[in-house]
Structure formats: C-alpha cells, structure tokens
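Numbering (my numbering), first residue to last: 2 to 414.
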Ligand code: FAD
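Here it is as structure tokens:
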C-alpha cells in the first residue's frame, strides 16, 4: 500500500479523489496541490448562477475547509507543480520544495482555449475574456452591465450558458459560431434549432458559420471595440463593449509531457486511470481514457465524469482496481431550462425526438434499435429513464420512443 499520495490539481477530480481515499479508510500522507488560491470548487455555476450573481463564492466550494482538516488532507493552495522527477519519485513545486510520492495523481484539468489572432496580444486587452476560473468571472462581472454589447465567440454549452446569463442581465448579445449550427459536435439539428429559438426569444442574435478574422482595438491598444467576422456573405464588423471567447478548453498536459508520459489529446491512461508510468495516475478533464461504454478512447469534460474517474483512481490506489462502465453524462442550465445529456451521440444513425411544449424536448440518438445517447430538455423525469435506456442497451421501438403520450419506459422492447 502506498504511504505518500500527492494529487496535482485541487479541482473537482482532485478533491473527490482525496476525500474518497479517506472515506475508504486510507490513512497515509495525502497532499493536494493546487495553483488557484481558492479551496476546491465546482466550475459549473461559474457560467450560470455565479455569473448571474445568484450563487455566492462560498457556495461554489466543494467541501468546507474543515473537511480537509478533519480528513488530514494537506491542502497546498496557490502552489504550482512545476516538474515531476520520476526517478526519485518527487514532485517539484514552484517554491522549489520537493514532495515525495509513492503514487502521484495528475488532476490538472484544462485551460480556456484562446483566439490567437496574429498581432493581437489577448493579455493586454481589458475587455476580452475567457471563463474557466472564479477569478475570470470576478474580472468579467463589473463589465457585465445592462445595455453593453457583448460578442460571444463560441456557441458551445458554456458559451450558450453565458449568453443566457448576459441576456437575463440585459446585455445586448451576439453569438459568433464557426459551425453551421449550435452544438454541432455534440447534438443533433433538432436540439440545435430548439436552443437557437429559445435564445432568440430572449433577444440573443447569432452569426453561424462565421469565424473571427480580426478584432478592432482602440488607440490605447487595451480595449476591443469590435470583432470582424467572416461569413460566406463576406466580412462583417460587430461593435463590442466586451468580448468573451468560449471556444473550448485545452487539457493541461505540460507536466506529463515534460515527464515523458504518453500524451495524446490528454494524458493517456488505461481503464484503471494509470498513465504509462504505473505510479502516476491521471483523472478528469486532463485524461484520455478508454471508455467501455463508447468502445473507444474519450477525454470527457464533465463534472460527473471527473467524479467517476476519481473513484476509479481511488480503487486502483487501494489495490482493488475497477474500471468504469458508466455512460458519460452532463447537464447545462440556460434561462429556466434544465438540459441533461447522457451518452455520446457521435456516429448515431438516427435521431428520434419526443417533443412537448416550447420549453421541452427529448432527443434520442439511435444506432440500429439501441439508444446510444439522449438530450433531455425540461423533462427531468424522462432523464432517469433515458439513462437506463442508454446504459442497458435494450432495443427500443422508435415509434413509441417518439410518442410523448406513451411513458418513456414503455419504449423499450
Ligand atoms: P478542474 O476542475 O479544471 O481542476 C483542475 C485544477 O488543477 C485547476 O484548479 C487548475 O488550476 C489546477 N492545475 C492545473 N495545473 C496545475 C499545476 N501544474 N499545479 C497545480 N495545480 C494545477 N460540467 C458539467 O458536467 N456540467 C456543467 O454544467 C458544466 N459547466 C461548466 C461551466 C464552466 C464555465 C466550466 C469551465 C466547466 C464546466 N463544466 C461542466 C465542466 C466541469 O467543470 C469540468 O469537467 C470539471 O471541473 C473537471 O474537473 P477536473 O478536476 O478534471 O479539472
């Protein structure tokens, strides 16, 4: 049994792993190293209730500080891990101290992807933002004021959540999305169209199949005044008081890379969360893992995914390795709509929808007669059944699936 466990990354996965190890009775030294100054917190509210001002900072924290003390977890916040010295098994942190480990767990998450336009230094611009951390929201909030013109680059889930908050706060919002429809990588056209209509009804405008080709900056060089977008119809300038770039994230793999571990769209791990060095594990958004459900490798970006992966790593460290068979799931909140998604729809051959009112829709993605993924909007009761359909792989009758008069559970054959 290992005596020293060091976890890098005090986020959703790192915090879950540390507390799970203690809950399962592991009593060795346990250090959680995080480069942010806040105690481990949940990110999902950052683009929802926290940005809206309805969720306090304290409510973001995953556990009260006392829990880490009670569990004897050494929390080293504001501490960046710099290198892994694999031969002596030591983690070197920014102040030069070396933390010995028997098992090291990388739970380093990711960072917001940047625009990278030639000649534009994004760090100098006081009204161009990304949103990944508490600090990002705190920097952004003072400019999130009614009447301000917000250009939001990226129509993914996080971008749409921010658009919803901004519209609710009275900003004038235009979303620029490179694909021809919203959420094109992860949902079918029915869901894309439904969400577009919802946002439009709140005054949000869209430029689809549009890419940012330039940003206009004022004479101080510190403020963006507009965004130039390129569409099939030519170039268009969108005036902006602030710009938010929500074009996804990049996994933090630098430590793993420099230590010579296998990295390929994330830190490559096996089904037990072990990297190419058996004494180093990787979990959460930074890890590229085999998925029994998907039958291929995936790198998930989801809070439940991070929690599930932490539990896999805990089992491995405790000598009882157990791979996860769970289908990934995810949720989003836009206006008063709750969206719940299960499974991965890529490669499906048919989408069946069960429509309801203007504010509810369920979309089921089928391969043959099996539901491989589902998006459930505004029907939480259907979500539990949708998860069972995806997880069980039971064949369904597509006609019954589409008929909202028939209880969803009776769609299974
Ligand atoms: P993170 O939570 O990112 O934690 C990683 C931590 O490691 C960070 O604190 C990072 O600073 C730290 N770190 C990195 N490198 C080092 C280093 N060298 N030294 C020390 N520390 C380091 N998921 C959902 O399921 N539903 C949602 O509605 C949802 N909404 C989201 C909204 C936003 C705005 C964002 C950003 C994410 C959202 N997610 C959502 C995704 C979810 O938050 C992530 O999947 C989850 O946080 C991943 O957990 P993690 O521990 O892997 O990474």
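Just so it is clear, CB atoms sit at the ideal spot from N, CA and C, and this is done for glycine as well.
- Taking a contact to require three or more Cβ pairs closer than 8 Å, the segment 87–100 and the segment 264–274 do not qualify as touching.
- Placement of the Cβ of residue 300 at a distance of 7 Å or more from every heavy atom of the ligand FAD is found.
- Excluding the 5 residues flanking it on each side, residue 319 has same chain C-beta neighbours closer than 7 Å at 25 and 27, in chain order.
- Residue 328 and residue 405 have their alpha carbons spaced roughly 24 Å apart.
- Relative to the ligand FAD, even the nearest heavy atom lies 7 Å or more away from the CB of residue 72.
- Pairing residue 241 with residue 393, the inter-Cα distance amounts to about 48 Å.
- A contact is defined here as three or more CB-CB pairs under 8 Å, and the segment 333–347 meets this definition with respect to the segment 371–384.
- In terms of Cβ geometry, residue 414 and residue 395 form a close pair [threshold 8 Å].
- Straight-line spacing of the CA atoms in residue 21 and residue 312 works out to 7 Å.
- Given a length threshold of 4 residues, each whole run of the alpha helix (DSSP H) inside the segment 231–290 is given here in chain order: 255–259.
- Going by DSSP, residue 30 is part of the beta strand (DSSP E) stretching over 30–34.
- In this structure, the C-beta of residue 409 stays at least 7 Å away from each heavy atom of the ligand FAD.
- No heavy atom of the ligand FAD is found nearer than 7 Å to the CB of residue 97.
- Taking 7 Å as the cut-off, the C-beta of residue 253 counts as close to a heavy atom of the ligand FAD.
- Around the Cβ of residue 55, a 10 Å sphere holds fewer than 16 other Cβ atoms; the residue is exposed.
- For residue 163, the enclosing alpha helix (DSSP H) has its first and last residue at 158–169.
- Proximity of the segment 216–225 to the segment 117–132 meets the contact definition, three or more beta-carbon pairs being nearer than 8 Å.
- Every unbroken stretch of the alpha helix (DSSP H) spanning 4 or more residues and falling wholly within the segment 30–85 is given here in chain order: 50–53 and 66–71.
- Put simply, of 164, 260 and 68 the residue whose alpha carbon is nearest the alpha carbon of residue 88 is 260.
- Pairing residue 184 with residue 156 gives a Cβ-Cβ distance under 8 Å.
- Fewer than three pairs of CB atoms, one per stretch, sit closer than 8 Å, so the segment 75–87 makes no contact with the segment 199–216.
- The segment 87–144 contains, as complete alpha helix (DSSP H) runs of 4+ residues, the segments 135–141 (chain order).
- If you look at residue 193, you'll find it isn't in any beta strand (DSSP E); it sits in the alpha helix (DSSP H) that goes 190–202.
- Residue 220 counts as exposed, since fewer than 16 other beta carbons sit within 10 angstroms of its beta carbon.
- Taking every protein chain shown into account, the CB of residue 236 has fewer than 16 other CB atoms within 10 angstroms, so this residue is exposed.
- Residue 325 sits in coil when the DSSP states are folded into three classes, being neither helix nor strand.
- Taking C-beta atoms as the reference points, residue 195 and residue 362 count as a pair closer than 8 Å.
- Residue 16 sits in a helix when the DSSP states are folded into three classes.
- Residue 163 and residue 2 have their C-alpha atoms some 45 Å from each other.
- With a threshold of 7 Å, the Cβ atom of residue 109 counts as near the ligand FAD, since some heavy atom of the ligand is closer than that.
- Less than 8 Å separates the beta-carbon of residue 5 from that of residue 30.
- Residue 11 sits away from residue 256, with the two beta carbons spaced by 8 Å or more.
- Less than 8 Å separates the beta-carbon of residue 280 from that of residue 90.
- A straight-line Cα-Cα distance of about 5 Å links residue 250 and residue 112.
- Here the distance from the Cβ of residue 13 to the nearest heavy atom of the ligand FAD is below 7 Å.
- One Cα belongs to residue 386, the other to residue 100, and the distance between them is close to 46 Å.
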